[in-house]
Amino acid sequence: MLSLKDIKKDYVVGDSTVSALKGVSIDFRENEFVSILGPSGCGKTTLLNIIGGLDRYTSGDLNINGKSTKDFKDCDWDSYRNHSIGFVFQSYNLIPHQTVLSNVELALTLSGVSKSERRERAVKALKQVGLGDQLHKKPNQMSGGQMQRVAIARALVNEPDILLADEPTGALDTETSVQIMELLKSISKDKLIIMVTHNPELAMKYSSRIIKLLDGKVIDDSDPLDKNVVEPIKKPEKEPTKADKKAAKKERKKLKTSMNFLTALSLSRNNLMTKKARTLLTSFAGSIGIIGIALILSISNGVQLYIDQVQSDTLSSYPLQITKTTASIGEIMNTMAKNHEDSANHDKDKVYSQNAMGEMINTLMEETKVNNLEKFKKYLDDNSDLKDLTSDVQYTYATTLNVFTESDSGVMQVNPSTLLEDMGYMSSTQMEAMSMSGSMGGMMGMGTDVWSEMIDNEELIDKQYDVIAGRLPEKYNEVVLVVDKNNEINDYVLYSLGLLDPSSLNGIVRRAMAGEDISVDSEQHVYTYDELLDLKFKVVPTPDFYKKKDGVWEDMTGDESYMKKAVANGTEISVVGILRPDEDASSASISGAIGYRHDLMTYLIDEVDNSEIVKEQIANPDIDVFTGLKFKTDENAADTDSSSETVSDSTADTESKADKTADNSDTDKKAGLVAGDSSMEIPEGMTEEQYKALMEQSGASDTGELADMGMNAMGSMDMSAIQGGDMSSLTETQKKYIASLSDEQLELMKQMLKEQSDTNADQLANSGKYSTSNYDNNMKTLGYSVVEDPDSINIYPVDFASKEKIIDIIDDYNDSVGEEDKIEYTDYVGLMMSSITSIINAIGYVLIAFVAISLVVSSIMIGIITYISVLERTKEIGILRSIGASKRDISRVFNAETVIVGFVAGALGIIISYLLTIPINMIIAHLTDVPIRASIPVSAAVVLIAISVCLTLIAGLFPSRVAAKKDPVIALRTE
Numbered sequence: 000m001l002s003l004k005d006i007k008k009d010y011v012v013g014d015s016t017v018s019a020l021k022g023v024s025i026d027f028r029e030n031e032f033v034s035i036l037g038p039s040g041c042g043k044t045t046l047l048n049i050i051g052g053l054d055r056y057t058s059g060d061l062n063i064n065g066k067s068t069k070d071f072k073d074c075d076w077d078s079y080r081n082h083s084i085g086f087v088f089q090s091y092n093l094i095p096h097q098t099v100l101s102n103v104e105l106a107l108t109l110s111g112v113s114k115s116e117r118r119e120r121a122v123k124a125l126k127q128v129g130l131g132d133q134l135h136k137k138p139n140q141m142s143g144g145q146m147q148r149v150a151i152a153r154a155l156v157n158e159p160d161i162l163l164a165d166e167p168t169g170a171l172d173t174e175t176s177v178q179i180m181e182l183l184k185s186i187s188k189d190k191l192i193i194m195v196t197h198n199p200e201l202a203m204k205y206s207s208r209i210i211k212l213l214d215g216k217v218i219d220d221s222d223p224l225d226k227n228v229v230e231p232i233k234k235p236e237k238e239p240t241k242a243d244k245k246a247a248k249k250e251r252k253k254l255k256t257s258m259n260f261l262t263a264l265s266l267s268r269n270n271l272m273t274k275k276a277r278t279l280l281t282s283f284a285g286s287i288g289i290i291g292i293a294l295i296l297s298i299s300n301g302v303q304l305y306i307d308q309v310q311s312d313t314l315s316s317y318p319l320q321i322t323k324t325t326a327s328i329g330e331i332m333n334t335m336a337k338n339h340e341d342s343a344n345h346d347k348d349k350v351y352s353q354n355a356m357g358e359m360i361n362t363l364m365e366e367t368k369v370n371n372l373e374k375f376k377k378y379l380d381d382n383s384d385l386k387d388l389t390s391d392v393q394y395t396y397a398t399t400l401n402v403f404t405e406s407d408s409g410v411m412q413v414n415p416s417t418l419l420e421d422m423g424y425m426s427s428t429q430m431e432a433m434s435m436s437g438s439m440g441g442m443m444g445m446g447t448d449v450w451s452e453m454i455d456n457e458e459l460i461d462k463q464y465d466v467i468a469g470r471l472p473e474k475y476n477e478v479v480l481v482v483d484k485n486n487e488i489n490d491y492v493l494y495s496l497g498l499l500d501p502s503s504l505n506g507i508v509r510r511a512m513a514g515e516d517i518s519v520d521s522e523q524h525v526y527t528y529d530e531l532l533d534l535k536f537k538v539v540p541t542p543d544f545y546k547k548k549d550g551v552w553e554d555m556t557g558d559e560s561y562m563k564k565a566v567a568n569g570t571e572i573s574v575v576g577i578l579r580p581d582e583d584a585s586s587a588s589i590s591g592a593i594g595y596r597h598d599l600m601t602y603l604i605d606e607v608d609n610s611e612i613v614k615e616q617i618a619n620p621d622i623d624v625f626t627g628l629k630f631k632t633d634e635n636a637a638d639t640d641s642s643s644e645t646v647s648d649s650t651a652d653t654e655s656k657a658d659k660t661a662d663n664s665d666t667d668k669k670a671g672l673v674a675g676d677s678s679m680e681i682p683e684g685m686t687e688e689q690y691k692a693l694m695e696q697s698g699a700s701d702t703g704e705l706a707d708m709g710m711n712a713m714g715s716m717d718m719s720a721i722q723g724g725d726m727s728s729l730t731e732t733q734k735k736y737i738a739s740l741s742d743e744q745l746e747l748m749k750q751m752l753k754e755q756s757d758t759n760a761d762q763l764a765n766s767g768k769y770s771t772s773n774y775d776n777n778m779k780t781l782g783y784s785v786v787e788d789p790d791s792i793n794i795y796p797v798d799f800a801s802k803e804k805i806i807d808i809i810d811d812y813n814d815s816v817g818e819e820d821k822i823e824y825t826d827y828v829g830l831m832m833s834s835i836t837s838i839i840n841a842i843g844y845v846l847i848a849f850v851a852i853s854l855v856v857s858s859i860m861i862g863i864i865t866y867i868s869v870l871e872r873t874k875e876i877g878i879l880r881s882i883g884a885s886k887r888d889i890s891r892v893f894n895a896e897t898v899i900v901g902f903v904a905g906a907l908g909i910i911i912s913y914l915l916t917i918p919i920n921m922i923i924a925h926l927t928d929v930p931i932r933a934s935i936p937v938s939a940a941v942v943l944i945a946i947s948v949c950l951t952l953i954a955g956l957f958p959s960r961v962a963a964k965k966d967p968v969i970a971l972r973t974e
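The sequence shown begins at 0 in numbering that gives the first Met the number 0 and counts up one residue at a time.
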């Protein structure tokens with residue numbers, strides 16, 4: 000079973016070599032009780048450690064079950080100690096912070112035995128040594144004899160082949176010694192027990208074989224193996240096959256010991272719990288760096304959240320704007336500066352003129368371009384990344400939002416506002432320019448209009464505003480009123496909305512400049528929420544301002560009666576909510592006092608596109624619907640000279656008049672017939688029967704009177720009203736006359752009017768004169784837009800980082816298209832602000848770098864304390880190695896300890912930091928009005944704990960390696 004062949008063991012001490020064993024050869028039986036006697040220093044313990052695999056022999060061979068150990072690796076020795084050897088030491092060598100049960104279970108843990116089986120076997124072993132009722136005691140709660148019994152139970156639990164006992168009774172009284180020896184003797188019936196002792200009496204009484212050593216040599220063996228037993232002649236061993244080698248390798252792998260990390264954590268946790276105060280102080284010291292970094296991160300996070308809010312709010316007012324016609328101001332300035340430098344190439348003996356105006360005009364023409372927004376819109380709509388980068392992408396159109404209010408005194412235009420013009424503050428041209436500036440993302444304030452489109456992002460609006468009454472709009476015909484943070488509305492808004500009488504301000508600026516005494520209403524007016532929520536407005540599409548007369552469309556905005564009816568027929572808009580900016584909001588996305596939804600504009604575009612005048616203009620792209628004249632084109636531009644405008648040929652003029660007379664003769668007959676004139680001849684194409692029937696329907700008994708009434712009525716009648724079927728504009732006499740007509744007469748009248756209108760339009764179109772407008776201007780005047788082709792695009796980035804990515808998307812688009820389709824955009828925020836986030840981050844990184852030094856220092860301190868723990872637990876290292884723990888297992892135990900300390904330090908640092916943010920926020924709130932709230936992000940807290948664990952683990956690598964390299968024999972001797 001076990002055979003020692005010429006075992007020698009030398010120790011190098013300084014420059015000399017000491018021989019502890021000098022060629023020891025012993026063969027042991029499978030089950031016997033062997034006692035090794037000899038004076039101190041004779042090599043007894045060294046021999047026992049070599050047999051147990053704790054120490055290595057210098058030369059010779061140790062055969063286990065006929066197998067040489069010369070080629071054993073560390074893992075083989077570990078497996079041998081765990082599965083084949085059980086140690087019983089003089090000083091018991093129990094792990095003090097583990098319970099009796101845990102001490103016994105430990106060897107089974109290394110063997111990979113399941114938890115349930117481990118417990119069952121440990122309890123059985125303890126019962127075998129008489130300690131079945133002492134399972135949960137700690138070693139320091141037991142007597143010496145009981146502790147030695149626990150050690151024996153630990154040695155037996157893995158059912159080893161060999162039990163090695165080093166002075167097992169050396170620390171016990173006589174009675175207890177006898178009990179232990181009796182226990183060992185009973186065990187020797189089934190196992191080989193090798194005991195080292197100084198007590199020859201006990202050896203003689205209980206041992207079946209006594210071996211005596213002196214100066215490293217065997218001087219006596221009471222019962223050597225070859226004395227009574229003749230060993231059979233062994234057959235030569237066969238060369239192992241591949242299958243044998245594979246099976247042997249598999250068996251070695253199966254017997255390989257390994258401590259899982261949970262066991263290592265348990266051992267380290269129990270050890271740390273015995274030193275709670277030191278562990279907490281160590282963890283607190285390690286947490287100082289974590290606290291510093293966590294507080295910096297919490298403040299940085301609060302500042303970053305505030306900056307993000309500012310960015311979101313700011314960028315909701317200052318988007319990336321792309322207009323249909325644009326010019327890069329930066330490029331214009333650069334080009335002009337370059338041209339100026341190039342032109343300054345002359346002597347300085349005279350004064351020279353500088354062509355600044357010419358250069359400016361030329362540069363403006365060169366740098367101004369038309370963006371293809373239809374193509375770019377499709378590109379944006381197809382880009383899936385844009386949604387996460389933007390709060391909204393807003394498409395604006397040239398369609399004018401005409402808003403009116405109705406009152407007993409008439410109608411008033413609310414939007415576009417004409418208040419400043421009525422006051423005499425500026426001209427209509429200036430008003431239009433200011434209104435345009437007001438729509439450019441808020442760059443120049445609110446402009447003149449108090450109505451603005453809301454950003455299509457309800458979440459952002461919820462962050463920026465509080466709904467103090469009502470709700471947010473849900474339909475296209477619902478709007479909200481926006482007050483300021485003090486629940487006040489600017490009186491300009493009140494006058495513009497008609498809540499105050501704007502007529503009191505008419506011409507007030509001109510009168511003031513003329514020196515007149517003027518007075519302005521300075522009283523503070525108060526409105527209830529319900530009063531404001533009752534506000535109603537009417538939206539009127541621009542085409543409804545025009546009425547067709549004599550073949551052309553006439554602007555009716557000067558006709559008060561017409562405008563009343565147009566406004567009455569408009570779309571009603573209701574105020575459904577009142578918003579107030581949130582106290583923490585640094586900017587607001589609604590630039591006006593009235594916010595409307597985007598779908599109001601799409602509704603209006605649809606109304607405009609389906610209007611009669613727009614359809615007519617689209618159907619006749621070469622004719623001006625407002626004048627009936629042709630548009631000037633390159634082909635007919637040559638006909639606009641004076642000779643073409645006046646026809647001088649008298650013959651041609653005569654023929655033209657004759658043709659006109661001939662063309663109108665039939666119309667005159669129809670007009671007279673409709674009027675009831677019986678003297679009129681039957682018009683061409685009408686039979687006598689049809690003529691008589693019409694006369695009878697018109698009252699032929701008094702045709703003269705009816706004819707006079709009809710002619711008088713038609714003389715002042717609005718013929719377009721008859722064509723459109725709208726009789727509301729007719730007088731009572733005219734309505735009576737129309738009612739007297741038969742269906743045939745009324746139809747004839749409409750036919751006549753259409754023919755007359757077409758004739759007038761044809762005469763105008765062929766008059767030789769041309770319209771001063773063009774097709775595009777007319778469509779713009781009518782507010783015509785195509786949803787797929789916006790007038791401008793406003794892109795609202797989520798933050799500055801997103802803005803840079805959006806710019807990259809635009810650059811990618813420009814790289815993928817031709818020069819004519821490249822997009823020019825205006826980045827207002829880029830012109831106004833620098834990268835604040837980068838600065839804040841840089842400051843944060845610098846502070847963290849400084850604090851990280853303390854974190855590193857505390858980690859080094861933890862490493863030092865771990866090394867102290869290694870020194871304190873040296874004996875535990877020896878115990879673990881004696882029951883089969885590998886060097887890696889020892890490293891794992893101390894790595895687990897550093898992990899626990901690191902985790903506790905990190906968690907403690909986060910908890911303390913969270914508590915410290917409370918007074919920090921109170922101080923910030925007291926000292927500043929900036930809504931910064933220090934808070935540690937959950938993700939940052941997790942990362943900091945992980946960093947703490949990693950740093951302490953790294954700091955503990957060196958001590959754990961030192962622990963792993965400790966000689967188990969020396970470790971066991973440590974007290």
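From the three backbone atoms N, C-alpha and C, an ideal C-beta is built for every residue, glycine too.
- Take the alpha-carbon of VAL508 and the one of TYR475: they are about 37 Å apart.
- Taking 8 Å as the upper bound for CB-CB distance, LYS779 and ALA397 are in contact here, some 5 Å apart.
- For PHE403, the three-state secondary structure derived from DSSP is strand.
- Each residue's CA atom was taken as its position, placing SER206 and PHE32 some 5 Å apart.
- Rounded to the nearest whole angstrom, the CA to CA distance from ASP77 to GLY908 is 40 Å.
- Burial is judged here by how many other beta carbons sit within 10 angstroms of a residue's own beta carbon; PRO918 has fewer than 16 and is exposed.
- For PRO199, the closest of GLY169, VAL539, PHE403 by C-alpha to C-alpha distance is GLY169.
- Boundaries of the beta strand (DSSP E) harbouring SER18: 15–27, taken from the DSSP string.
- Within the segment 927–956, the runs of alpha helix (DSSP H) at least 4 residues long that lie entirely inside it are, in chain order, 937–954.
- Excluding sequence positions up to five before and after ASP581, its CB lies within less than 8 Å of the CB of LYS462, GLN463, TYR464, ASP465, all in the same chain and listed in chain order.
- Within its own chain, the residues whose Cβ lies closer than 6 Å to the Cβ of GLU373, once the five positions on either side in sequence are excluded, are GLU787, ASP788, listed in chain order.
- Beta bridge pairing from DSSP links ASP222 with no other residue.
- Note that the segment 616–624 touches the segment 766–775; at least 3 beta-carbon pairs, one per stretch, sit closer than 8 Å.
- Close CB contacts of GLN147 within its chain, under the 6 Å cut and outside five residues either way in sequence, are with TYR91, ILE179 (chain order).
- Counting every other CB atom within 10 Å of its CB across the protein chains shown gives PHE88 a total of 16 or more, marking it as buried.
- In this chain, ASN486 is not harboured by any beta strand (DSSP E), its DSSP state being neither H nor E.
- Taking C-beta atoms as the reference points, VAL855 and LEU952 fail to come closer than 9 Å.
- Taking 9 Å as the cut-off, the beta carbon of ALA263 is found no closer than this to the beta carbon of ASN920.
- With fewer than 16 other CB atoms across the displayed protein chains lying within 10 angstroms of its CB, VAL785 is exposed.
- With respect to GLN523, LEU781 sits apart: the two C-beta atoms are not nearer than 9 Å.
- Contact holds between the segment 386–396 and the segment 790–799, because three or more Cβ pairs, one in each stretch, are under 8 Å apart.
- When the alpha-carbon of LYS546 is set against those of ARG596, GLU611, SER590, the nearest one is in GLU611.
- By alpha-carbon distance to LYS137, the top candidate from ASN270, SER959, TYR79 is ASN270.
- For LYS535, no alpha helix (DSSP H) run applies; the uninterrupted beta strand (DSSP E) run containing it begins and ends at 535–538, by DSSP.
- Of the other Cβ atoms in all chains shown, 16 or more fall within 10 Å of the Cβ of PRO501; this residue is therefore buried.
- As a beta-bridge residue in DSSP terms, ARG208 pairs with VAL33.
- With a beta-carbon spacing of about 5 Å, LEU163 and GLY51 fall inside the 8 Å limit used to define contacts.
- Put simply, of THR973, ALA939, VAL900 the residue whose alpha carbon is nearest the alpha carbon of ILE878 is THR973.
- Annotation for ARG80: GLY52, GLY883 place their beta carbon closer than 6 Å to its own, counting only its chain and skipping 5 residues before and after.
- For a cut-off of 8 Å, the C-beta gap from GLY215 to ALA19 is around 6 Å, short enough to register as a contact.
- ASP888 counts as buried, since no fewer than 16 other beta carbons sit within 10 angstroms of its beta carbon.
- Secondary structure of SER451 (DSSP, three-state): strand.
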